[in-house]
Amino acid sequence: MEKNLCDYMLEPDIIAATENVMPDLNNDLVLAKNFLKQQSAATGDTLYDHLVDVVQKILSQKPPDVVDHFEQYSWQVKQEKFRPNFDLLNDVYLSPPQLAVVRRIEEMFRLVKSKAEKAEDMDEEEQELDLEEDNVKPRIADLIDSNYYFKECGFGLPDSECYAVYIALNMLAIKEPVSTVRFFGKIYGTKENYYVAETELTLEELDRRIREFELKDMPGEGEGIEEGQMQVAEEQKEMLGEGEGKEEKPKEPVPPKLPPEPVSTWQPPPEIPVERPGQGVNKKVFWVCNHPGEQWICLPDVTPDQIRVARLTVRCMTGNLDAEVQSFPPFEGTERNYLRAQLARIQAGTSVSPQGFYTFGSGEEEDIDLEEGGGDLNFNPNPFYHGHSMKDLLDSSLTYWVHHGRHILKQGRTLWWNPNAGMEEGEEEEEDEGPPPLEPESGPPLFTSLSEDSRLEGMTAWSVRSSSSLTPERAVAALRSNLWPGAAAFATSGQKSECMYIGWGLKFDPPNYGPAQLPRPQDEYPIGPEVMEMADPTFADEEAYRIAHLPPPPPPVLEGEGEEFGEEEDEED
Amino acid sequence: MNIHKLWEYKEYVNVNGATLNSEIISLLQNSLTVLQVENHFTIVQYWGQIYATDLDYYIAVGLTNDALTGKKYFYTTDFQFWSLLPRPKKKYKELSLITTFPFRGDPSLKIKVLDESFEENHPDRCRFMKEENRLAATISNICEEVEICARGQLIKRPDGSITINPNFYGLTATEAKELKSYLHMRPAQHRWNTNLLTRPDYNYSMDFLDSIDQDIPKGCWNLSLEKTGSVAYLKSLYWPGMSYFHKVKTSDAGFLYIGNGRKNLDVPFLI
Numbered sequence: 005m006e007k008n009l010c011d012y013m014l015e016p017d018i019i020a021a022t023e024n025v026m027p028d029l030n031n032d033l034v035l036a037k038n039f040l041k042q043q044s045a046a047t048g049d050t051l052y053d054h055l056v057d058v059v060q061k062i063l064s065q066k067p068p069d070v071v072d073h074f075e076q077y078s079w080q081v082k083q084e085k086f087r088p089n090f091d092l093l094n095d096v097y098l099s100p101p102q103l104a105v106v107r108r109i110e111e112m113f114r115l116v117k118s119k120a121e122k123a124e125d126m127d128e129e130e131q132e133l134d135l136e137e138d139n140v141k142p143r144i145a146d147l148i149d150s151n152y153y154f155k156e157c158g159f160g161l162p163d164s165e166c167y168a169v170y171i172a173l174n175m176l177a178i179k180e181p182v183s184t185v186r187f188f189g190k191i192y193g194t195k196e197n198y199y200v201a202e203t204e205l206t207l208e209e210l211d212r213r214i215r216e217f218e219l220k221d222m223p224g225e226g227e228g229i230e231e232g233q234m235q236v237a238e239e240q241k242e243m244l245g246e247g248e249g250k251e252e253k254p255k256e257p258v259p260p261k262l263p264p265e266p267v268s269t270w271q272p273p274p275e276i277p278v279e280r281p282g283q284g285v286n287k288k289v290f291w292v293c294n295h296p297g298e299q300w301i302c303l304p305d306v307t308p309d310q311i312r313v314a315r316l317t318v319r320c321m322t323g324n325l326d327a328e329v330q331s332f333p334p335f336e337g338t339e340r341n342y343l344r345a346q347l348a349r350i351q352a353g354t355s356v357s358p359q360g361f362y363t364f365g366s367g368e369e370e371d372i373d374l375e376e377g378g379g380d381l382n383f384n385p386n387p388f389y390h391g392h393s394m395k396d397l398l399d400s401s402l403t404y405w406v407h408h409g410r411h412i413l414k415q416g417r418t419l420w421w422n423p424n425a426g427m428e429e430g431e432e433e434e435e436d437e438g439p440p441p442l443e444p445e446s447g448p449p450l451f452t453s454l455s456e457d458s459r460l461e462g463m464t465a466w467s468v469r470s471s472s473s474l475t476p477e478r479a480v481a482a483l484r485s486n487l488w489p490g491a492a493a494f495a496t497s498g499q500k501s502e503c504m505y506i507g508w509g510l511k512f513d514p515p516n517y518g519p520a521q522l523p524r525p526q527d528e529y530p531i532g533p534e535v536m537e538m539a540d541p542t543f544a545d546e547e548a549y550r551i552a553h554l555p556p557p558p559p560p561v562l563e564g565e566g567e568e569f570g571e572e573e574d575e576e577d
Numbered sequence: 003m004n005i006h007k008l009w010e011y012k013e014y015v016n017v018n019g020a021t022l023n024s025e026i027i028s029l030l031q032n033s034l035t036v037l038q039v040e041n042h043f044t045i046v047q048y049w050g051q052i053y054a055t056d057l058d059y060y061i062a063v064g065l066t067n068d069a070l071t072g073k074k075y076f077y078t079t080d081f082q083f084w085s086l087l088p089r090p091k092k093k094y095k096e097l098s099l100i101t102t103f104p105f106r107g108d109p110s111l112k113i114k115v116l117d118e119s120f121e122e123n124h125p126d127r128c129r130f131m132k133e134e135n136r137l138a139a140t141i142s143n144i145c146e147e148v149e150i151c152a153r154g155q156l157i158k159r160p161d162g163s164i165t166i167n168p169n170f171y172g173l174t175a176t177e178a179k180e181l182k183s184y185l186h187m188r189p190a191q192h193r194w195n196t197n198l199l200t201r202p203d204y205n206y207s208m209d210f211l212d213s214i215d216q217d218i219p220k221g222c223w224n225l226s227l228e229k230t231g232s233v234a235y236l237k238s239l240y241w242p243g244m245s246y247f248h249k250v251k252t253s254d255a256g257f258l259y260i261g262n263g264r265k266n267l268d269v270p271f272l273i
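For the protein sequence lines, the chains are A and B, in the order given. Under my numbering, the first residue of the first sequence is numbered 5, with each subsequent residue one higher. Under my numbering, the first residue of the second sequence is numbered 3, with each subsequent residue one higher.
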């Protein structure tokens, strides 16, 4: 028996058994340690080493409540151990991911700095001639200052972005022919975001663009296309007609004669002319970039049709200017044009300022153009504006806030264009189309108070809040749009006011969006007996028909063919 | 967002342009610390703001033990009195999605909701709802659909309770670029092994929640890395005021909702 036991016993046990000694603490420790030092077959690790590592990590890092998260620690230690060692590749230097951004911004800084230095030199050298220079210098709206106030109101760009964008605006002013630069806002996209700058062009550039626009917009082209289409249609008709004629002869059973194919009577509605650069919706020129420091890209002018379609669809920007725009009333152009159309809509809807902040004209030509209802007047900051009291600005009726964005009419223009005006000279067809002179569309004039904005299901279009309840003396009035979530404006009781848009470029449309319905399919044939469904003749009818049409008895030979032809002719009659 | 870290997070918060100004942060920290003491919460978080026509609602969350189920929501309009929100009822959660009225700012206001899916004369066609209940239901809807956390931010302890992981060191830059690294903060709706086995480096204590990359349709989440790639922002197209940020390789992360409490149902057309 004892011998058997010996076989199963390990060496220390044998010693203990044979020498019959008392249990020894050291011995137990050795035993336990041996057990802990057993190597795992899978990894080659031992629990002993692992515990040492864990204890060492805990003691060196001294985290709180270790016992509650002990498993976590053990797991971390193991994870660290399994991390492969890239010693061989350690010499390869991996540059931080920020490098590309830094390069881009550095270039921008260098450009702006060199310009600033040059300007300083100029100042020193020719102070007398400076007056002219100042006129040429583009005006850049102080974004950093206005962003400070926006942040007071709980809105705006983060500081890090704000500064970079401001420098980027400076770069835009240096590189491109612009006379005023203002930060419009930021439009989110699914892949990239857009920063948008709103500018006015210099006079020379504006002239150049107007000339280009007029060359492109020579009259006559549109008519040519229409005529061409008509010709094509006619040709097709002829072709069809010929086809029928050819087919008739060889085949024996004569097909029923088709009624004439209908010609589409649909006339495309007259194209609404685009507003020329520097006018109406195209008054401002927008530039966008994905990151501050990148090249600013000029957005093309918007056409009335693009605004019309943009109003009928919803779509997120992607961040790629050349992305396709898929919408049901087909959108003419890429995301570039769509973005521009949305910007025009946002600008028209959310440009607000306290009453009196802007004034028509520059003070000299005030009385000339007022009759037009503010359609295409110039307005400028009012030098005599002294601000309103906080109480007035925070009044929930918003009578002290006015729009300074021109209302875009249903036509997609800010100035109404009479579709009949040009046609009176043209062809005769139009005369029957528009007998009564169309009533000109009109929108609210410039500087209409926000209290007259339409309400949405019991919600006002704008909400006004005070930026501070504790210190009313330094509070700022903050206005946010409920119609265009992301649009905001502020006004101090002093002379500062600005508006900005940061959002998805989507309008809040309370009942959800439903795509426009497809138009009814047009009839292929004019309704007549040939294309209508009729009841089949009963046996009695057929019998009566047969008896009525019995062939005269004398010629009995040509029965078959004669009958057929006869029937056909009769049917057609 | 943990209210004691609001000053640090101030720079990262940006929901459609909306940020936190110093006054709001001070007011929140003061009143919410008092709330924390009164209710013996371990953590109090600022949840967000819901726009209303008269007075905006500010929402806070108190956590006791369980980070997923033991949440208590409070609201205020003046930063002085925080009131406990009632439990969201299923009935109100449905109604709050239908109603189109804006919030008014008066919790006791009764609103009439017309459910057009019922026929005329049906007793359920026209129902009433208190604004307080609507607020609770809206918040519960938002939490269920878009409240998220980075993977590893919440862990399941061996005893089944879910806590905020004190040893969360943040996602790495590559992980932060993937939607799979962000999880819904709600009791899991997918099968447990779906959540666990769809990633190669699965971990029982972390992967017990649904990841957001399985949400329908693809593209309803917008993930962007900003500030030269050091902060990941997540925005949901369904709830346009929702925003989540996570600073890469740190434990800093926060969820915030600032908006009008309306779900955007046009998402399929947007993408």
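Glycine included, every Cβ here is placed at the ideal spot set by N, Cα and C. Model, not experiment: these values are computed from the prediction.
Between Pro515 of chain A and Phe257 of chain B, the alpha-carbon positions lie close to 28 Å from each other. The C-alpha of Met187 of chain B is placed about 19 Å away from the C-alpha of Phe43 of chain B. Only Leu460, Glu461, Gly462, Met463, Thr464, Ser467, Arg469, Ser471, Ser472, Ser473, Leu474, Thr475 from the stretch 451-475 of chain A bring a Cβ to less than 9 Å from some Cβ of chain B. A distance below 6 Å between beta-carbons, with the five flanking residues on each side excluded, links Leu347 of chain A to the following residues of its chain, in chain order: Phe290. Note on geometry: alpha-carbon atoms of Lys132 of chain B and Phe103 of chain B lie some 13 Å from one another. DSSP, read as helix, strand or coil, puts Gln51 of chain B in strand.
Residues of chain B whose Cβ lies closer than 7 Å to the Cβ of Gly509 of chain A do not exist; the shortest such Cβ separation is about 10 Å. It is roughly 21 Å from the alpha-carbon of Trp223 of chain B to the alpha-carbon of Phe210 of chain B.
Excluding five sequence positions before and after Glu298 of chain A, the CB atoms of its chain that fall closer than 7 Å to its own CB belong to Arg108, given in chain order.
Only those residues of the stretch 392-423 of chain A whose C-beta falls short of 9 Å from the nearest C-beta of chain B are listed: Ser400.
According to the DSSP assignment, Phe383 of chain A belongs to no alpha helix (DSSP H) but to the beta strand (DSSP E) extending over 383-385. Shown here for Asp326 of chain A: same chain residues with a beta carbon closer than 8 Å to its own, the five before and five after excluded, namely Thr338, Glu339, Arg340 in chain order. What Pro168 of chain B touches in chain A, judged by beta-carbon distance under 9 Å, is Pro67, Pro68, Asp69, Asp72, His73, Gln76, going in chain order. In summary, the residues of the stretch 20-34 of chain B whose CB is separated from some CB of chain A by less than 9 Å are Ala20, Thr21, Leu22, Asn23, Ser24, Glu25, Ile26, Ser28, Leu29, in the order they occur in the chain. Nearest CB-CB separation between Tyr517 of chain A and chain B: below the 9 Å threshold. Around the C-beta of Thr307 of chain A, 16 or more other C-beta atoms lie within 10 Å, and the residue is accordingly described as buried.
Residue environment for Arg410 of chain A: buried (at least 16 other C-beta atoms within 10 angstroms of its C-beta). With the rule of 3 Cβ pairs closer than 8 Å, the stretch 107-123 of chain B does not count as touching the stretch 149-169 of chain B. Residue contact check for Arg319 of chain A against chain B: a CB pair falls below 9 Å.
If you look at Pro125 of chain B, you'll find it isn't in any alpha helix (DSSP H); DSSP assigns it neither H nor E. In terms of Cβ geometry, Glu121 of chain A and Val480 of chain A do not form a close pair [threshold 9 Å]. Taken atom to atom, the span from the alpha-carbon of Trp49 of chain B to that of Thr50 of chain A is near 47 Å.
Put simply, the backbone Cα of Arg129 of chain B is about 25 Å away from that of Thr464 of chain A.
DSSP places Phe364 of chain A in the strand class (E or B) of the three-state scheme.
Distance between Arg319 of chain A and Phe512 of chain A, taken at the CA atoms: about 12 Å. The beta carbons of Leu57 of chain B and Thr79 of chain B sit about 4 Å from each other, so the pair counts as a contact at 8 Å. Contact between Pro101 of chain A and Gly231 of chain B is confirmed by a C-beta separation of about 5 Å, below the 8 Å threshold. Taking 4 residues as the shortest admissible run, the stretch 8-44 of chain B contains the following complete alpha helix (DSSP H) segments, listed from N- to C-terminal end: 8-11, 24-41.
Residues of chain B whose Cβ lies closer than 7 Å to the Cβ of Ala492 of chain A are, in chain order, Gly19. With fewer than 16 other Cβ atoms inside 10 Å of its own Cβ, Ser401 of chain A counts as exposed. With its beta carbon at least 9 Å from every one in chain B, Leu147 of chain A lies outside the interface.
Contacts with chain A (Cβ-Cβ distance below 9 Å) from the stretch 230-263 of chain B involve Thr230, Gly231, Ser232, Lys237, Leu239, Pro242, Gly243, Ile260, Gly261, Asn262, listed in chain order. Leaving aside the five residues that flank Val70 of chain A on each side, the residues in its chain whose CB is nearer than 6 Å to its CB run, in chain order, Ile62. Asp53 of chain A and Lys82 of chain A have their alpha carbons spaced roughly 11 Å apart. Closer than 9 Å to the CB of Asp513 of chain A there is at least one CB belonging to chain B. Taking one beta carbon from each stretch, the stretch 446-453 of chain A and the stretch 469-476 of chain A have fewer than 3 pairs nearer than 8 Å; the two do not touch.
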